[in-house]
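Some notes on the structure that comes next.
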Amino acid sequence: MRILITGASGSGTTTLGQALAAKLRWAFIDVDDYFWLPTKPPYQLRRDPSSRLDMILQELNRHDNAVASGTVMAWGVELENSFDLIVFLYLDTAIRIGRLRQRELEKLGFVDEAFIRTSPILRLEGDLTVDERCKCILNVLERNSMF
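Per numbering that gives the first Met the number 0, the very first residue in the sequence shown carries number 0; after that it's consecutive.
Printed below as a string of structure tokens:
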């Protein structure tokens, strides 16, 4: 069994993933460990896409059960379709950004503003038509003077 906890940075994916894996006594896999090359400070250099895909698939295949946290979109269909359950976390942008800044201060001693993504997240739920979804997006763009 494989579970993926995903969402925007700062939404709590790693925290929830670690807690769930501990409760279930399953392996925990942080996707960032495969996306980024180890650097000081961290999160500066991306790993080659084929290498990261091979590495994470090998790690997942070592375990009967695993909880992964992070984003694997566009990593490859084999990985993306390998999860039995995907959990998407949504958190208000202001709270999420506050968490990111606090985490960076605690881990690095500074905030790397280039790493902080302040883009708002629009949550569209339900069986809306394409036209209804377009209208929701256009409303946000107009409200935020983005269009």
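Note that the Cβ used here is the ideal one computed from N, Cα and C, for glycine as well. A quick note: this is a predicted structure, and the numbers were derived from the prediction, not measured.
Under 7 Å Cβ to Cβ from residue 8, same chain only, skipping five residues before and after it: list those, please. Within the sequence shown, numbered from 1, the residue matching residue 8 stands at position 9. So the list reads 99 and 116, once near-sequence residues are dropped.
Measuring straight from C-alpha to C-alpha, what distance separates residue 21 and residue 1? One-based indexing of the sequence shown puts residue 21 at position 22. One-based indexing of the sequence shown puts residue 1 at position 2. Rounded to whole angstroms, residue 21 to residue 1 spans 14 Å at the Cα level.
Have a look at 65, 95 and 104 and flag the residue whose alpha-carbon is nearest the alpha-carbon of residue 83. Counting from 1 along the sequence shown, the entry for residue 83 is found at position 84. Minimum Cα distance to residue 83 is reached at 65.
Take the Cβ of residue 71 as the centre, count every other Cβ of all protein chains shown within 10 Å, and call the residue buried at 16 or more, exposed below. Residue mapping note: residue 71 aligns to position 72 of the sequence shown, counting from 1. Residue environment analysis places residue 71 among the buried positions, since at least 16 neighbouring C-beta atoms fall within 10 angstroms of its C-beta.
Nearest-angstrom Cα separation, counted from residue 45 out to residue 106: Along the sequence shown, read from residue 1 onward, the residue named residue 106 stands at position 107. Along the sequence shown, read from residue 1 onward, the residue named residue 45 stands at position 46. Taking C-alpha positions only, residue 106 is separated from residue 45 by approximately 19 Å.
Kindly confirm or deny that the segment 12-27 and the segment 37-56 touch, where touching means at least three C-beta pairs closer than 8 Å. no
Give me, in chain order, the residues of the same chain whose beta-carbon lies closer than 7 Å to that of residue 123; leave out the 5 immediate sequence neighbours on both sides. Numbered from 1 along the sequence shown, position 124 holds the residue referred to as residue 123. Cβ within range, chain order: 132 and 135.
Look up residue 70 in the DSSP assignment and say whether it is helix, strand or coil. The sequence position of residue 70 within the sequence shown is 71, counting from 1. It is coil, neither helix nor strand.
Thinking just about the alpha-carbon of each residue, which of 49, 91, 63 and 102 is nearest to the one in residue 76? Against the sequence shown, residue 76 aligns to sequence position 77. Of the listed residues, the one whose Cα sits closest to residue 76 is 49.
Close beta carbons around residue 121, own chain, < 6 Å, minus the five adjacent residues each side: For the purposes of this step, residue 121 is taken as residue 122 along the sequence shown, with counting starting at 1. Cβ within range, chain order: 139.
Could you check if residue 89 is buried or exposed, using at least 16 other CB atoms within 10 Å of its CB as the buried criterion? For the purposes of this step, residue 89 is taken as residue 90 along the sequence shown, with counting starting at 1. Exposed, since its Cβ has fewer than 16 Cβ neighbours within 10 Å.
Could you compute how far the alpha carbon of residue 113 sits from the alpha carbon of residue 6? For the purposes of this step, residue 113 is taken as residue 114 along the sequence shown, with counting starting at 1. For the purposes of this step, residue 6 is taken as residue 7 along the sequence shown, with counting starting at 1. If you take the alpha carbons of residue 113 and residue 6, they lie about 19 Å apart.
Can you give me the C-alpha to C-alpha distance between residue 108 and residue 128, rounded to a whole angstrom? Working through the sequence shown from its first residue, we reach residue 108 at position 109. Working through the sequence shown from its first residue, we reach residue 128 at position 129. C-alpha separation (whole angstroms): 46 Å.
Taking the beta carbon of residue 67 as the centre, do at least 16 other beta carbons fall within 10 Å, making it buried, or is it exposed? One-based indexing of the sequence shown puts residue 67 at position 68. It is buried - the Cβ of residue 67 has at least 16 other Cβ atoms within 10 Å.
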